[in-house]
Every structure is written in structure tokens, then in C-alpha cells.
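2 protein chains.
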Amino acid sequence: MSNPEQASILCEQIQADLGDLDPLTRKVLLQLPPPTPTDNRADVDRLRLALEHQVGPVTVPLALMSQIHQVCSVCGRVTATVSMTGWGWQLIDLEPGDTAQEHYGLAIDIGTTTVVVYLIDMSCGAVLRRAADFNGQVPLGEDILSRIRHAANPGGLAELQKTICDTLNRLIGRLCTPPLVPTRISAASIGANTTMVHLLLGLDPASLSRSPYIPVVNNPGILTAQDIGLHINPLAPVYCLPSVGSFIGGDIIAGVLVSEMDHREEISLFVDIGTNGEIVMGNREWLVACAGAAGPALEGGVTTHGMRAEPGAVDRVSLDPVTGVRYSTIGNAPARGICGSGLVDVLAELFLNGLIDRAARFSAGQRYFVVVPAAESASGQDIVVTQADIDNLMATKGAVNAALEVLLESVGCNWQDIRRFYAAGAFGQYLPLESAITIGLYPDLPRSAMVRLGNSSGEGARQVLMSQSKRREAEALAARITYFELNTNPTFMDKFKSSKFLPHTDIDRYPSVKARLQARRRRL
Amino acid sequence: MSNPEQASILCEQIQADLGDLDPLTRKVLLQLPPPTPTDNRADVDRLRLALEHQVGPVTVPLALMSQIHQVCSVCGRVTATVSMTGWGWQLIDLEPGDTAQEHYGLAIDIGTTTVVVYLIDMSCGAVLRRAADFNGQVPLGEDILSRIRHAANPGGLAELQKTICDTLNRLIGRLCTPPLVPTRISAASIGANTTMVHLLLGLDPASLSRSPYIPVVNNPGILTAQDIGLHINPLAPVYCLPSVGSFIGGDIIAGVLVSEMDHREEISLFVDIGTNGEIVMGNREWLVACAGAAGPALEGGVTTHGMRAEPGAVDRVSLDPVTGVRYSTIGNAPARGICGSGLVDVLAELFLNGLIDRAARFSAGQRYFVVVPAAESASGQDIVVTQADIDNLMATKGAVNAALEVLLESVGCNWQDIRRFYAAGAFGQYLPLESAITIGLYPDLPRSAMVRLGNSSGEGARQVLMSQSKRREAEALAARITYFELNTNPTFMDKFKSSKFLPHTDIDRYPSVKARLQARRRRL
Chain A
710 MSNPEQASIL
720 CEQIQADLGD
730 LDPLTRKVLL
740 QLPPPTPTDN
750 RADVDRLRLA
760 LEHQVGPVTV
770 PLALMSQIHQ
780 VCSVCGRVTA
790 TVSMTGWGWQ
800 LIDLEPGDTA
810 QEHYGLAIDI
820 GTTTVVVYLI
830 DMSCGAVLRR
840 AADFNGQVPL
850 GEDILSRIRH
860 AANPGGLAEL
870 QKTICDTLNR
880 LIGRLCTPPL
890 VPTRISAASI
900 GANTTMVHLL
910 LGLDPASLSR
920 SPYIPVVNNP
930 GILTAQDIGL
940 HINPLAPVYC
950 LPSVGSFIGG
960 DIIAGVLVSE
970 MDHREEISLF
980 VDIGTNGEIV
990 MGNREWLVAC
1000 AGAAGPALEG
1010 GVTTHGMRAE
1020 PGAVDRVSLD
1030 PVTGVRYSTI
1040 GNAPARGICG
1050 SGLVDVLAEL
1060 FLNGLIDRAA
1070 RFSAGQRYFV
1080 VVPAAESASG
1090 QDIVVTQADI
1100 DNLMATKGAV
1110 NAALEVLLES
1120 VGCNWQDIRR
1130 FYAAGAFGQY
1140 LPLESAITIG
1150 LYPDLPRSAM
1160 VRLGNSSGEG
1170 ARQVLMSQSK
1180 RREAEALAAR
1190 ITYFELNTNP
1200 TFMDKFKSSK
1210 FLPHTDIDRY
1220 PSVKARLQAR
1230 RRRL
Chain F
710 MSNPEQASIL
720 CEQIQADLGD
730 LDPLTRKVLL
740 QLPPPTPTDN
750 RADVDRLRLA
760 LEHQVGPVTV
770 PLALMSQIHQ
780 VCSVCGRVTA
790 TVSMTGWGWQ
800 LIDLEPGDTA
810 QEHYGLAIDI
820 GTTTVVVYLI
830 DMSCGAVLRR
840 AADFNGQVPL
850 GEDILSRIRH
860 AANPGGLAEL
870 QKTICDTLNR
880 LIGRLCTPPL
890 VPTRISAASI
900 GANTTMVHLL
910 LGLDPASLSR
920 SPYIPVVNNP
930 GILTAQDIGL
940 HINPLAPVYC
950 LPSVGSFIGG
960 DIIAGVLVSE
970 MDHREEISLF
980 VDIGTNGEIV
990 MGNREWLVAC
1000 AGAAGPALEG
1010 GVTTHGMRAE
1020 PGAVDRVSLD
1030 PVTGVRYSTI
1040 GNAPARGICG
1050 SGLVDVLAEL
1060 FLNGLIDRAA
1070 RFSAGQRYFV
1080 VVPAAESASG
1090 QDIVVTQADI
1100 DNLMATKGAV
1110 NAALEVLLES
1120 VGCNWQDIRR
1130 FYAAGAFGQY
1140 LPLESAITIG
1150 LYPDLPRSAM
1160 VRLGNSSGEG
1170 ARQVLMSQSK
1180 RREAEALAAR
1190 ITYFELNTNP
1200 TFMDKFKSSK
1210 FLPHTDIDRY
1220 PSVKARLQAR
1230 RRRL
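Those protein sequences? They're chains A and F, same order as listed. If you use our numbering, the first sequence corresponds to residues 710 to 1233, in order. If you use our numbering, the second sequence corresponds to residues 710 to 1233, in order.
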């Protein structure tokens, strides 16, 4: 897992131009005529009528009526903030004077491990600032299943809800520098997996991990900050990107939205691999998806010297018969271990250099490969990759390959039909592309057809914050995507077992890898 | 002021048939298919879709999502309660099984002195039960102005808000007998004057009594029980009948609604007299209104032996040259004083019997009239009506006459154009009709054209609870009625001074009184 501040900068590279903006909230400048003996309408009614003249039907919550009275009695020029509710507008704030340009919202990516909050200028959609941190729930459970277990303890769900709110409120506090105060933030949108959404909303996640895997809610609609406990404008609308189900959440819908694969005629493949992996395939006619545990290899979990992408982690590795091993570490710190991207490099380089075979086995007798010699490491011990480490990574790769086969079979397509590839999430951003192709984790497409989406969960959240048509598209996507359950699929295990070759059982699917192998072998 | 339990029964006489019911909330019976591996939609989405199939777009508040999950996991047959929000429905309750016939709402009349709550069967609109009590705010201020003053004290507004809520919650508790619990009540509507609405909503009423008399709000729209603090379903919609302005409130709009004077071609006059008096005149083309202090005479305020309509109050009086004075008291208790209706009788009888002249003056030398001799009274002292008492009542009558003249002049009509008369409120119900005509407080129309509306504030609340078209009509009425300010009207004081004759300066406006006078004098 990448370090939170690294993840937070990902969004910059892909801020789509959203065209006509139609954000969750609008600010409307009004010039209210003062009351006269012949025009003695009440303050609230006067304001509502003026607003309705500009935006259509508006409801006014009781909580704002006193404020309206105070603002209207001192000032004729006022700025109203209105929020899109189900089918109309609700007033959520009224400020004296013209504050129409001071319009702030939040795009939030809640990952199981990392949380990123982007402060958005809602007058134009630009990212003004970002803040990231680990999800405060991590100490209560490292992964999704352990969170669900924790929620079943007495008080556990409330604790998890409060913890993620605390994380968000802390990040919001960091984003707000004077004169901006959190209560002037008008809206928020959230990209997160289904479990994270349930925990944020205080909804029991137990059914997410229990057959038939029915969430409490897939599309929560537009809630308010006070419903959840976000310390922004209490009436601010909060929109969670909708889920397909327990295993395909709003974070994945965000990614598909950002990729625009649902607009194209050609078939695209979308992959988001972390502890869990999600795959979406399709085009503007159809979309299918599956999900499953990807194994801990890329998270640096059970690997001998595996670690998260923190300072001291070996993140890039190359191997040359002449110059030997070269590596880099995050932060250029003394090497402490190997993170996911380093491990993928190691496996690719071992394979290209013939140190492991196509079944990812070391030659007879060899048990491990030294990446960082003891003299250079932080601990004074060799940092190695063992056969077991390689087997773990091969299991991840094999699961992705097998899942893709199931999807292809389900829609009657061939691998040659896939024309574009999108890599989402932090792994997608940092995983070395060529090595990921070499080991067969990614397909071997023309490189111009392979796109890293970066933090597409955050970018998707920004898009739905700013655009009603994107919200509608997200909801249509969630309703359209057909989910295939792998656990109950009879052919998945067969495909999984037979997909543990480098780069693939059928090497002709990997022409560029085949060419590099042949080139290397000629050099040897 | 009538006693609360008396006022509470008024509604029975005029429960209009509302035709097609379209109440604030609906109950919808649903048969939900159980989730299957191929239909694994989330609980909330499954319910929402089933509901939308029957009623159109529905939003689901976060507060109900857990409940939906619990109910849906045990039961396929469920009853949803949905509330009409601005432009769509919101789910406010979900119960297992078929509870569609158990659908309860409240119609509430909040008077400055008396509060009446009616429990309504929302499946048909029938009044099931009623409860009444004095408004708990009375000890904090007897009348509207003293309440407004109390609200200006530190904490005063919050105290007044809590006090009226406490009164309502106590009455609601009395209405609910097992198995009905308050939280199963789905909706409430309220008829009240503008100040009472402001205090109920916790809105500063200061501007209501300060030029230019601008309320905070005239039409609060649909709020929720939890906004206000009513201990019914917290999400229950609460609809306050809209006001025209500071002096014509939702109670008067309710009365006009119940009278249906806005449907007729002929011109009607609507009068609600209490401590304050409100007059509405018009037809389906136009409506005008005015309001003002009516003086305390009818409330038994400053009158020598005046008292409220409580046990022991003389409420009816007749006078005959032969048989002398006859009177009745409320509850047949020993006489303790005279209430408004008794005073109107006394004035009429004194006039008809020639004991006072057309200027309402006793003959030379007489200072008072004994209604109850000392031997029959509770205190052992004579209960009398003095010239000062008569002058007070004449001021009330004069104010009503003058206000009517201002309205007639403003629309260019004559008194002969008035074809129907509606007496609203508790005074309208109990005031002796013939005596009120004799003293010129009411117009002298064919008796079939004179209607007592009873507690039209409560009945109007019932109508808007049960009918969206009545809500729309109420809002249209509030927007249509033109209010004439009497205090700044240059001719009002002149008209007031010249209207202190019995029954009127122009006795030809009162043909039946003229005939009775002539008949009596022939007898004498």
C-alpha cells in the first residue's frame, strides 16, 4: 500500500474536464428588495420566492429560518447556497454579501487502508488542496473481513463509524486554513468500497460477508453531513458513489466512470488490485465484473521481507547479467524490505534473466534470491525473495488471470477482443507497467492503450460532486454492471490452477514478452 | 374564552367530506421478493424500487436504513409509510406485516389560550378522539403581546417553545391509548395564529409587533416532528397552515378554507372575534382582510364582574318586563360572574327593553343593572353590568363595525352586497346569535345565511392533513388575501367613533332588530 501522501497526489494527472458543471450545491447571489408597507411578505417567503425565480422549487429547513431573518434584516444583497435533494433544491446556507465565488466541496476517497480528502473549488471543479492519512479503523482490523468482524462486537459498529468520521474530520481540519472554516464547506462526495460505506453510515456490514451477500444499501442517495457526523455545513449534501453489491463498490464505479470505458465501442478491461482485486470488462453495450481476494503478496503481507510502500521499501529492481542487481528505495532510505512494486520487478527480472522458469520455479537447489545484500540493508541482513514469496505473487497473478478468463467466457469474448486496459488504485499507479506485463498480471497491449487511472476513486468522487450527469451515469453504471460470483463458479478453480505460468499458459497472448525473452536469450 | 374541553367538541358539527383523500402521509403495503443469488439487490434499494413502482420517486433517510435491513430480513410482507416532501415522497416508517389500516395523524389547533389536538384516522379522515387544555404558555404571558415580550427575555423564546411542545406532547399522550403509541402517529397539521406558529417553531416573534410587521415566515412548508420536538414519529411531516402576515394567521386561513367562501360568487363576511378580531370579506374573485385588538370585553377582562367561560359564569340572560331577569350559568353552578356571551345578551336585552338608548347609555341616574341578585350569587354580592362594562363592549362592537366599513370602502362594496356570514372560533360558537345581531356585532342577514364554523382552526387543520388540494388552496388563499392595515388607515378612527350606536348608526341595515324594537314598543 502506498503511503497516504503519495496516494493523495495521484488525482492531479487525470482531472477530466467535466464540461457543463452541475454540482451538488449551487451558490446564488440575490438582491432582496426591502420590505415595505405594501410588500410585507415574510423574510423566509421573500427569500424563497427570489430563489425560486432563479433555480425553481426550493424548500427551507427550519434550522435556517432564524438565520434568514437575521441576514435579511441587515442586508439586501445575500448569497444563498442550495443543495440538490431528490427532486428539487433545499436551502442550506445564507450569507450576507456576495460570496458566490467562495464555494467549497470535498471529494473523498475512503480506502480500507488509506483515506484521501480533496478540497474542491466548486465554482470551477479544481482541486485546491489535498490531505491523506491512514484510515483510523486500521487498528480495529487490518482488512475488510476483520472490520466486519469488529462491527459484530458490542459497540463495535459505532466505534468504527466514529473512527472513520474522526479521520475525515481531522483531514478536513487540515485542509481548512483561515479564513476558510469547515462549516463553510457545502458538499461532499465519497468513493469507497461497500464495506467502508456501510461503516461510514453506521450500517451493519454483517450481511456483506454472508451468503447471499446482500448489502443494506447500494445507493444511499443524497444524505447530509449531520446524518454522518462530518463537521462541515450540517446540511451539506453527502453523496456516496453507488455500489453494484457487496464486492463491487462505489470506488470501482468511480474508476469505471473516470475511465469512460462505458462510452466506447471497443472492449476495455479495468483492474484494481490491492488486498482484494476487482475486474470490470465491457463497453458501451455491456459491462461485467468480478472480485475476489488477490492475496497479500502486493501488500507486502506474508512475504519474507515484504513491507508496505513506506520509506526504506525497495520499490524498483532491475537485474542485468553484467551489472547485477540495481534497486531503489522509497525516500532513498536504507533498505528495510520489499514492497509490492519491487516484488513484481523482481519476479519479472528473474524470469527474463532465466533465473526462474515459466512455472516460476528457481533452478534446482536455489531457494532464494538476494535483492539487497546484508552490507547495504538497514538491518544488516540480506533482503531476499524466496520461492514462497514468488508462489504468493503467482497466486495473485493466477487469480487475476482466472477471473479474466471467467469473465471472457461469460460474455463469449476472446482475449484478443480487449483493446484497452485501465489500472486503477495506488497499485495501478505504482506497479511497474513492463514488469506487470512480463509476469502476466497485466495484458500485453499496445502501451498507448494502457492507462493508469491513479486515484480514480477520488477523481470519480470529484466528478460526481461537480456533475449531475456524472451522478446519473454512476447510478446507471451500478445498475448495469453484471456481477459474476467467482466462489461459486465451477470453472474458476480449474482456470486458477492452470494459470500459474509466466507470463501465461498461452505465451502468444504476450507478444512483447515473448520478443523480450527471445532478445535476452540471444544476448546470453 | 370557552373552557378547553368545550372547545374540543366543536369540530364534530362541521367535518366536511373531503372527496378524494390525498393525505400528508400514505401507507403502502408491499410484498418484497426475497433476495436470491441472481437478484442480490441491497435491502434498501429493493424496498425503494418496490415503493417507487407504486408511488413514484422516494428518498430513504439514513435513520431508517438499519430498520429496513432488519424488517426485510424477517418479512416479505411489509407496510411502508411515506411522507409527501417538497416534490416527492420520503420513507418515514417501515413495519412488518399489513398495517395499512392503522394510519394515524393529528389535527392541532393552537390558540393563544387553548390548545386542542384531534387524533385522525388517516385512512378515512375521521376524528377518532380529541383532547384539549390551556396553552401552557399562558402563565408566561396572557396575550400575544405579552408572549412576544417574554420571548425577548434571555432564554424566553426557548422556554415558550418548550412549553407549547410540552402541552402538545401531554395532549398527544392522552390521545394514545394502548396499543397506539405516539411514535406510530405519522403526520400532524397545525392551525394557529402567526405568533403561536413562530413560538412553536422557535422563531423570534419580535418583528411581528414592530413596524413594518414582517414575520420570519408565513409559509413554513412541511417540517418534521423532530424539528419541533413533537414526540410522534420523528420523521412525521408537520404542516402549519400558512399565514397572510403578522395579524392574519393560519387559524384564519383554516376558517376561510372551512367556510369555502372563496368558492362562491356571492360576497361573504368571515369574523373571528376574541381578544383580537380578524375579519375576512370576499368571494371567489377577491378577498380582503383586516385585524385588530377587539378589546377585552368578550374575554371577561376588565369588566366589573367579567370572567372567562368557566363554571359559574352567567352565559345566557333574558329580560322581560313581566317575568324579570332570567339567566343560566355554565355547569349550573352558583353565579360567580358574567362571560362574554352573557354580556352580549345583557346589552341586547337592555336595549330591546329600552333600559339603554341607541347610544347604549342608561337612563339618567341609573349606573348599573343587576343581573344576579346577591342572594343567588356565589359571593353573596350583586353581579352587575355597569355603564363602563357596556362602554367596553360597545368599543369592541364599534371596532368590528369600523373595520368592516374600511373593508367595504376599500373594495367599493356596500353592506347590502354581503350575502353570507361566518362566525369562527369559540366566541363564534357560543355567542348568542340574535343578541349579537341586536347589538350590531353581527350583520342582520337571513338566519339561513349565517353559519357558525365552530373550531374552524382545528377543522381546517384536519382538512389540510387529509388533502393536498386543500393544502394548495390554503397556500393560494394566504397569497391571495389582501391585508388592510387599520392602524395607519386615516378613516378608521372616524368610523370607529361614529359606529357606537345600537345596532348601527344606520338602523335600516338591521331590519329584524328594527322590527323587534317596534314590536316590543307596541307591547309596552
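Glycine is no exception: its CB is placed at the ideal position from the N, C-alpha and C atoms.
Chain F residues whose Cβ lies nearer than 7 Å to that of residue i
i, result
"A/Asn928", "Asp754"
"A/His859", "Within chain F, no residue comes near A/His859; the closest Cβ sits about 17 Å away, beyond 7 Å."
From the options, residue whose alpha carbon lies closest to that of residue i
i, options, result
"A/Arg750", "F/Ala1111, F/Tyr827, F/Asn928", "F/Asn928"
"A/Tyr1139", "A/Ala1104, A/Val1053, A/Arg1171", "A/Val1053"
"A/Met793", "A/Asp802, A/Gln776, A/Gly983, A/Val906", "A/Asp802"
"F/Ala1185", "F/Gln776, F/Asp971, F/Leu1117", "F/Asp971"
"F/Tyr827", "F/Gly986, F/Phe1071, F/Gly814", "F/Gly814"
"F/Ala759", "F/Ala789, F/Gly845, F/Ile857", "F/Ala789"
"A/Gly1040", "A/Ile941, A/Gly1021, A/Leu908", "A/Gly1021"
"F/Ala1044", "F/Leu908, F/Leu1056, F/Asp1024, F/Tyr1192", "F/Asp1024"
"F/Gly900", "F/Gly958, F/Pro848, F/Tyr922, F/Pro921", "F/Gly958"
"A/Leu1116", "A/Leu996, A/Leu771, A/Asn862", "A/Leu996"
"F/Thr903", "F/Phe956, F/Ala860, F/Ala835", "F/Phe956"
"A/Asp731", "A/Leu854, A/Arg1171, A/Asn1198", "A/Arg1171"
"F/Leu877", "F/Ala809, F/Ala934, F/Pro924", "F/Ala934"
"F/Val1094", "F/Glu1114, F/Arg1070, F/Ala1087, F/Ala1084", "F/Arg1070"
"F/Ser1178", "F/Glu804, F/Ile937, F/Leu950", "F/Leu950"
"A/Gly1137", "A/Leu1162, A/Gly1033, A/Asp1153", "A/Leu1162"
"F/Ile777", "A/Val926, A/Ala867, A/Phe1078", "A/Val926"
Chain-ordered neighbours of residue i on chain A, where CB pairs are closer than 9 Å
i, result
"F/Thr745", "Pro921"
"F/Leu932", "Pro770, Leu771"
"F/Gly1001", "In chain order: nothing, as chain A lies at least about 16 Å away."
Cβ-heavy atom distance, residue i to the ligand PLP, below 7 Å
i, result
"A/Ile1047", "Ligands in the displayed structure: none, and consequently the ligand PLP is not present."
Residues bridged to residue i (per DSSP)
i, result
"F/Asp1144", "Reading off the sequence, residue 1144 of chain F comes out as Ser, not Asp. None, per the DSSP bridge assignment."
"F/Thr794", "F/Gly797"
"F/Leu932", "F/Val947"
"F/Arg735", "F/Val791"
Amino acids of chain A, ordered along the chain, whose beta-carbon sits closer than 7 Å to that of residue i
i, result
"F/Ala751", "Ile923, Pro924, Val925, Val926, Asn927"
"F/Asp913", "Ser775, His778"
"F/Gly954", "Asn749"
Listed by chain order, chain A residues near residue i by CB distance under 8 Å
i, result
"F/Glu1194", "Pro746"
"F/Leu910", "Leu771, Met774"
"F/Trp995", "Result: empty, since nearest Cβ-Cβ is about 17 Å, beyond 8 Å."
"F/Gly1040", "The premise fails here: F/Gly1040 is roughly 42 Å from chain A at the closest Cβ pair, so nothing lies under 8 Å."
"F/Gly958", "By Cβ distance, chain A contributes nothing, its closest Cβ being about 12 Å from F/Gly958, past 8 Å."
Residues that residue i contacts on chain F, provided the C-beta gap is smaller than 8 Å
i, result
"A/Gly938", "Neighbours of A/Gly938 on chain F: none; closest Cβ ~11 Å, over 8 Å."
Beta-carbon separation (whole angstroms), residue i vs residue j, contact threshold 8 Å
i, j, result
"F/Ala998", "F/Ser898", "Not confirmed; about 21 Å, so no contact."
"A/Ile1127", "A/Ile976", "5 Å"
"A/Leu733", "A/Tyr948", "6 Å"
"F/Pro1220", "F/Leu978", "Their Cβ separation, rounded to whole angstroms, is 17 Å, which puts F/Pro1220 and F/Leu978 out of contact at 8 Å."
Beta carbon proximity, residue i to chain C, threshold 8 Å
i, result
"A/Ala1097", "Checking the listed chains, one finds no chain C in this structure; the protein chains it contains are A and F."
Can you give, in chain order, each stretch of the alpha helix (DSSP H) that sits fully within the segment 937–1018 of chain F and has at least 4 residues? 959–968
In chain order, which alpha helix (DSSP H) runs of at least 4 residues are fully inside the segment 1197–1226 of chain F? 1201–1206
Give, in chain order, every unbroken run of the beta strand (DSSP E) that is at least 3 residues long and sits entirely within the segment 1032–1117 of chain A. 1033–1038, 1077–1081, 1092–1095
Can you give, in chain order, each stretch of the alpha helix (DSSP H) that sits fully within the segment 1147–1192 of chain A and has at least 4 residues? 1165–1175, 1177–1189
Within the segment 842–899 of chain A, ranges of the alpha helix (DSSP H) (whole runs, at least 4 residues): 853–860, 865–884
At 4 residues or longer, what runs of the alpha helix (DSSP H) sit wholly inside the segment 743–782 of chain A? 752–764
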